[in-house]
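Asker: In case it helps, the working numbering puts the sequence shown at residues 40 to 328.
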Amino acid sequence: MNQITKLSPDDVLPLTCSRAGSCCFGNQVLLNPWELAVMADAKKMTAREFNQLYCEFGGIRLRFDGDLISNHKKACRQYVEGKGCSIYEARPLACRLFPIGRYIQNEEANYMFKGKQFPCLAECPEVTNLPTLTVSEYLAGQKTALFEEAQDAYLEMVQNIAEIAFELLLDTELASSGDTKTLAMWRDAGKKSPDILRNEIPQDWVDLILFPEVEVNKEDPMAFITLHHDLFQQKAQERFGGLENINELRDASALMLRSALFLASSIGADPKGLAEVWIAEAKNHGAKV
Ligand code: SF4
Ligand code: SF4
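1) Just reading off the beta strand (DSSP E) that T44 is part of, what are its end residues?
2) Could you pull out every unbroken alpha helix (DSSP H) segment of at least 4 residues lying fully inside the stretch 247-292, listed in chain order?
3) Quick one: using the 10 Å Cβ neighbour count with 16 as the cut-off for buried, is V316 buried or exposed?
4) Any residue with its Cβ nearer than 5 Å to a heavy atom of ligand 2 should be included. What is that list in chain order?
5) Inspect the beta-carbon positions of L54 and Y177 and report whether they are closer than 7 Å.
6) For E257, which residues from the same chain have a beta carbon less than 6 Å from its beta carbon, with the 5 sequence-adjacent residues on both sides left out?
7) So K112 and D218 are supposed to be a Cβ contact under 8 Å. How far apart are they, rounded?
8) Quick check: the Cα distance between Q181 and E88, rounded to an integer number of angstroms?
9) Return the residue from the list D49, H324 and S47 that minimises the CA-CA distance to T211.
10) To the nearest whole angstrom, what separates the beta carbons of A228 and L236, a pair I think is in contact under 8 Å?
11) Going by DSSP, which residues form a beta bridge with I108?
12) Pull up the distance between the alpha-carbon of L247 and that of K311, whole angstroms please.
13) Straight-line CA distance for S215 to L209?
14) What distance in whole Å lies between the Cβ atoms of I203 and M295, which are believed to be in contact at a cut-off of 8 Å?
15) Give the single residue among G98, F64, Y93 and C56 whose Cα lies nearest to the Cα of F301.
16) Would you mind giving the Cβ-Cβ distance between C115 and F96, rounded to the nearest angstrom? I have them listed as a contact below 8 Å.
17) Using a Cβ-based criterion (distance less than 6 Å to any ligand heavy atom), does A179 qualify as near ligand 1?
18) Since R100 sits in a beta bridge, which residues does DSSP pair it with?
19) Looking at C-alpha atoms only, which residue of F152, A321 and K230 is the closest neighbour of I43?
20) For I143, which residues does DSSP report across the bridge?
21) Where in the stretch 161-243 do unbroken runs of the alpha helix (DSSP H), each at least 4 residues long, occur, reported from the N-terminal end onward?
22) Excluding five sequence neighbours on each side, which residues of the same chain lie with their C-beta closer than 8 Å to the C-beta of H267?
23) In the structure shown, what three-state DSSP assignment does F89 receive?
24) Just curious, the alpha helix (DSSP H) that E315 is in, first and last residue?
25) Opposite F64 in the DSSP bridges: which residues?
26) Between which two residues does the alpha helix (DSSP H) containing C134 stretch?
Next comes the structure, spelled out in structure tokens:
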């Protein structure tokens with residue numbers, strides 16, 4: 040596992056950005072569906088258009104294939120020479136947090152940076168001449184709160200989609216039939232990259248995950264995500280409510296698992312680890328492998 044340095048909210052670090060833009064080159068920035076909608080809105084285009092033009096990795100990561108190059112690394116497509124981020128006010132959580140990272144442990148948000156050395160020092164050593172800030176001050180200045188709330192709400196949506204996969208397996212005749220193929224399909228899904236998962240999920244479900252028909256408000260992620268979640272649940276209920284055939288139940292369960300993992304990837308979760316946790320839980324409830 041990569042080395043990380045854990046941080047507490049009171050830790051003081053050289054967190055005033057020098058605005059050199061180094062981290063807008065050769066970086067990896069994931070987007071959840073609300074962030075995608077917010078960025079698309081800022082560009083006055085649809086989420087689908089933004090996704091086609093500026094995203095890769097199954098449509099959940101920003102493209103860093105701009106014309107500008109720094110230290111052999113290509114710029115994010117949203118980066119403009121002499122100006123910086125062209126959608127600064129709509130930038131996603133990963134950009135707001137950098138150089139800090141965030142992870143959830145025991146349902147609590149924790150902060151860290153990768154490695155032992157503070158990341159900005161590598162390409163922006165001038166930060167040591169700028170005012171230091173506590174981690175809390177930095178997060179407040181970057182206005183991360185709503186974006187963190189969105190991330191947590193999508194984690195909950197991931198778990199609820201997985202719950203549908205569990206119900207299709209455990210609350211039907213599928214598990215009691217002695218079926219072993221469903222959990223094999225779950226395991227297989229955990230090994231797939233978002234590009235492959237996206238190809239294996241029917242287009243109408245991909246559209247529902249990435250481009251829900253919900254009005255976006257940059258100040259209110261919960262309104263968007265609550266409706267997004269409701270739309271997903273409604274469609275699952277309509278499609279799977281009356282399934283009885285074992286093969287159909289298995290396919291539906293695997294589809295929900297793939298959908299949960301695809302969405303999980305967009306918030307930086309580890310699909311393989313998640314799939315294995317869910318498989319263990321299903322086995323505990325009587326499913327077979
Ligand atoms: S690497 Fe750090 S100091 Fe440099 S532009 Fe990025 S956040 Fe600012
Ligand atoms: S979205 Fe903006 S802040 Fe984030 S990497 Fe791209 S240019 Fe930089």
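The C-beta atom is built at its ideal place from N, Cα and C for all residues, glycine as well.
Answerer: Walking through what the data contain:
1) I43 to L46
2) 260-279
3) Label assigned to V316: exposed.
4) In chain order, the hits are C63, C115, Q117, Y118, C124, R130 and C134.
5) yes
6) Strictly speaking, residue 257 in this sequence is Lys, with Glu absent from that position. Only V77 meet the Cβ criterion.
7) With a Cβ gap of about 48 Å, K112 and D218 do not count as contacting.
8) 27 Å
9) It is H324.
10) 7 Å
11) K113
12) The straight-line gap from Cα to Cα measures roughly 23 Å.
13) 8 Å
14) 5 Å
15) G98
16) Actually they do not touch by this definition, with Cβ atoms about 14 Å apart.
17) no
18) Answer by DSSP bridge pairing, in chain order: L69 and E95.
19) Residue F152 is the option with its Cα nearest to I43.
20) A148
21) 174-180, 184-209, 212-215, 220-229 and 233-239
22) P72, W73, M196, P251 and V253
23) Taken through DSSP and simplified to helix, strand or coil, F89 comes out as helix.
24) Unbroken alpha helix (DSSP H) run through E315: P310 to N323.
25) A114
26) L132 to L136
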